[in-house]
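Using the numbering used here, you'd call the opening residue of the sequence shown number 208 and step up by one each time. Think of the CB as a built atom: it goes at the ideal place given N, C-alpha and C, for glycine as much as any other residue. Since we're looking at a predicted model, the values are computed, not measured. Working notes for the structure below.
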Amino acid sequence: MTVVIVESPAKAKTINKYLGKGYTVLASYGHIRDLPSKDGSVKPDEDFAMTWDMDPKSSKRLSDIADAVKSADRVILATDPDREGEAISWHVLEVLTKKRVLKDKVVQRVTFNAITQSAVQAAMAAPRELDMELVEAYLARRALDYLVGFTLSPVLWRKLPGARSAGRVQSVALKIVVDREIEIEKFRTEEYWTVESEVSAESPPFTARLVQLAGKKLAKFDLNSEVLAHAARDTIQTSSFSIEDVEQKPGRKTPPPPFTTSTLQQEAARKLGFSASRTMQTAQKLYEGVDIGGETTGLITYMRTDGVFIEPNAIAENRRMIGERFGAAYVPAEPRHYKVKAKNAQEAHEAIRPTSMFRRPDTLRHLDPDQARLYELIWKRTVASQMEAARVENTVISILSSDKQTGLRATGQVITFDGYLAVYEEGKDEVEDEDGGRLPAVRAGTATQVHEIKPAQHFTEPPARYSEATLVKKLEELGIGRPSTYASILTVLRDRAYVRMDKNRFIPEDKGRLVTAFLDQFFHKYVQYDFTADLEEKLDLVSAGELNWKQLLRDFWTDFHAAADGMTELRVTQVLDTLNEALGPHIFPDKGDGSNPRACPTCSTGLLSLKTSRFGAFIGCSNYPECKFTRPVGSPDSEGNSEASGDRDLGADPETGKMVSLKIGRFGPYVQLGEAESKEDKPKRSSLPKAWPPATIDLERALKLLSLPRTVGVNPEDGKPITAGLGRFGPFVASDGTFANLSGFEEIFEVGLNRAVTLIAEKRAGGGRPGRAGAAAALKELGDHPESGDKIQVMAGRYGPYVKCGKVNATLPKEMTPETVTVEQALALIAAKGGVTSKKAPAKKAAAKKPAAKKATTAKKAPAKKAKTA
């Protein structure tokens, strides 16, 4: 019996049908091991030894695989044909070796670019050994990402509170977005005018544009005012014109190449409105196999590729289909062959194409809407790539005044043969000037009549913000990241709240700008485009067997570690001073009246600058605590309304007569009822929820917030009151110390007694703590404190989750969740809250039982050179 191991159960199900008896196909469910999220998983001092952890689900699946392997004669590793696939096979092999189930077993590796019967059977007939050079490239990349993340992120937490994380490629992608925003802010609009005329020359009217004035070629900004444009109009009106020249040139439009991963993501974003992750999830299903009427079939080739090559048999099939469907005129004399223009492209895989060109989109009626639309896009692009070029006729009509001083020009383009355009036309990122349509037939020397003159005002526009399509394109052009990483990079930027999306465009949040400025000032080399692209090239050399992966890590770590160590003695105030200078034009823009943009608007004598708190950075006055003016980081008009960003009165409370105000504090915006009449007097306040930004707050909304918490009713179960309110962790209902989350902020004002009782009961049934009785529940064990030996736990507290270590309790900030908090983050919180707990006696510490240390796992070089796969 032969055991075949793949990644996914869908893939296993399809391949099992193709192989039949004598084969058992099992799924690993993707990666089975990963580096634990704690310091020390990669050990530079031990020649970059790496420790791997397996989660319980993977452990169960690998045990099932091991049981099957025991009774097998042969094991075939059939994971995806790329570095990630090679890595998964290596992990599986390592685990099975440790379980000692491979003795006397034949272990082979196969790859196939499409999950079809012929492709799978052909792969099984040509097995090879595991390609350790690809594995080493994976190990090097994983180690680099880990070392950068676990070195930079703690520096950010300590020196720039509120920042969440930094990553090797993620930070560079964020810098691209921020750099574009800075371009936009620096852009100064310029006015210019064009003048078009409706003319005829013994012909139907057509449009011609003014291109020459006073005997000189007209430059873009020569007409930069209405006065000059109207003067040009008057010149045309008083001149007589004739056709000077008619130029006709044939042209060709060649089809675009078939899809790579990045071009598929770009085109799906433009034409289908898909995000990069949605595109890849849908493509994965098309690749692994879809039921198309009782038979599960892989519909496209492997979708993680930067190659545009298509194997000869598929090209021949495509050309045959084009001839049958469109006619011989649409089939070029020779097959088309393409090369990738992108930097660092490996081109080792085929492009993304249908597994059969005769499987037309209109015949696949069992696909869901996303699958149908994406498959049609891939099919049309692949068909077009092997079709004849479109033929066009470009016409330019030059018109000149009798005194040779004023010239007009008309341009047009006519498609004389549609070629590949009969199937497909590539989408554009931005609106481009297109040539006009067909022009009438005119002869040189013919007198021209001017019917209408139309001056038009224009303004130059700043460069466009990046969309998903254009950001992926930019990353690819720079050689940053790899096709399989783009979707996750964009997702991380959004999840970390470093960017927001507006009309499908990336806009950097102030938090993202702060992180970028910090890294640019203190880790400048490591967020430069060229440095990151050069590192990608070195990783490619590792996969080609031309560079030792450990040497790559040594060279990188020496300088990077020194840069991180250099931050140790740097004080937070020094960091803020540097960022004040770097971000000055953004956070303190010139007011245009000659006044100091940093002058405090409240006390007039103080100067504004960046400050920091546990919740992140904010802008505060140098005269604090006498002057308590604060506002969020960012331009004062970042909300589009200068009043929305500062303190303002909203009106009087009808019940008390006190003034209700909106204020911007160091912890964010809030509303307040009245003012403090003494030091002991604390006016009622309520923070603004994210759903209600400052610009939307009026008196009615403010009073709603100040009315919280509101009483919902009495709990019939125990007679205790139930209230609804807004806490640090969102909207909730509470009764006798049990807190249950509500689905949204508006529900605070709408939730009724029945739903509130149900939520409280469900929370208590699921482990919610009634009142103050009982101990807080431990949500997660993070390990022992490295100095005191106390356990570090994530606890469920009455007012939200917190980290506990000995007698020190530290509340988790908003950006951390119990599921994602790491031991490094916990140690930083503990240190900030109460330092290290008292040390335990050595004997007691030694007596505590600890799990056996895991052996560091490192890659072993395969004995023989293997076949290459990208």
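- Taking a cut-off of 8 Å on C-beta distances, the stretch 569-578 does not touch the stretch 614-621, as fewer than three cross pairs fall below it.
- Leu571 is the residue among Leu571, Gly881, Val649, Pro519 whose C-alpha sits nearest the C-alpha of Gly500.
- Closest in C-alpha terms to His768, from the list Val362, Ala234, Asn601, Val538, comes Val362.
- From the listed residues Thr613, Gly422, Val547, the smallest Cα separation to Ser404 is found for Thr613.
- For a cut-off of 8 Å, the C-beta gap from Gln324 to Tyr225 is around 5 Å, short enough to register as a contact.
- C-alpha of Arg778 to C-alpha of Leu300: approximately 48 Å in a straight line.
- Note that the stretch 727-736 does not touch the stretch 227-247; fewer than 3 beta-carbon pairs, one per stretch, sit closer than 8 Å.
- Pairing Val515 with Pro464 gives a Cβ-Cβ distance under 8 Å.
- Here DSSP, grouped into helix, strand and coil, assigns Met487 to helix.
- A check of alpha carbon separations from Val782 across Ala751, His793, Leu284, Phe730 identifies Phe730 as the nearest.
- The stretch 392-399 and the stretch 657-671 touch, with no fewer than 3 CB-CB distances between them shorter than 8 Å.
- Residue pairing by DSSP places His665 opposite Tyr399 in a beta bridge.
- Here Phe565 is actually not in contact with Ala629; their C-beta atoms are around 18 Å apart, not less than 8 Å.
- A straight-line Cα-Cα distance of about 18 Å links Asp569 and Ala490.
- Take Val679, set aside five residues on each side of it, and the residues of its chain with a beta-carbon closer than 7 Å to its own are Ser469, Gln472, Gln473, Ala483, Tyr693, in chain order.
- Per DSSP, reduced to three states, the secondary structure at His544 is coil, with no helix or strand assignment.
- Burial check for Glu957: the Cβ neighbour count within 10 Å stays below 16, so the residue is exposed.
- A Cβ-Cβ separation of about 30 Å leaves Ile529 out of contact with Gln455 under the 8 Å criterion.
- According to the DSSP assignment, Phe713 belongs to the beta strand (DSSP E) that extends over 712-715.
- Under the 10 Å beta carbon count, Met331 is surrounded by 16 or more other beta carbons and is classified as buried.
- Taking 8 Å as the cut-off, the beta carbon of Arg720 is found closer than this to the beta carbon of His793.
- By a beta-carbon distance limit of 8 Å, Leu607 does not contact Pro561. Their separation comes to about 54 Å.
- Inside the stretch 413-446, DSSP marks whole beta strand (DSSP E) runs of 3 or more residues at positions 413-420, from first to last along the chain.
- Of all C-beta pairs linking the stretch 284-294 to the stretch 336-355, three or more are shorter than 8 Å, placing the two stretches in contact.
- Annotation: the continuous alpha helix (DSSP H) that includes Met331 extends over 324-331.
- Taking 8 Å as the cut-off, the Cβ atoms of Leu869 and Ile904 count as close.
- Gln1000 sits close to Lys987, with the two beta carbons spaced by under 8 Å.
- Rounded to whole angstroms, the Cβ separation of Val418 and Asn525 is 44 Å, and the two are not in contact under 8 Å.
- Here the stretch 691-710 does not lie against the stretch 755-762, with fewer than 3 beta-carbon pairs under 8 Å apart.
- Under the three-state reduction of DSSP, Ser608 is assigned to strand.
- Judged by DSSP secondary structure, Met564 falls outside any beta strand (DSSP E); it is assigned neither H nor E.
- Arg307 and Ile239 have their alpha carbons spaced roughly 18 Å apart.
- Here Gln656 is exposed. Its C-beta has fewer than 16 other C-beta atoms within 10 Å.
- Check the Cα spacing between Leu726 and each of Val964, Ala256, Glu340, Val355: the tightest is with Val355.
- Here Pro334 has Ile283, Gln315, Arg316, Val317 as same chain residues with Cβ atoms under 7 Å from its own Cβ, once five neighbours each way along the sequence are excluded.
- DSSP places Asp287 in the coil class of the three-state scheme, outside both helix and strand.
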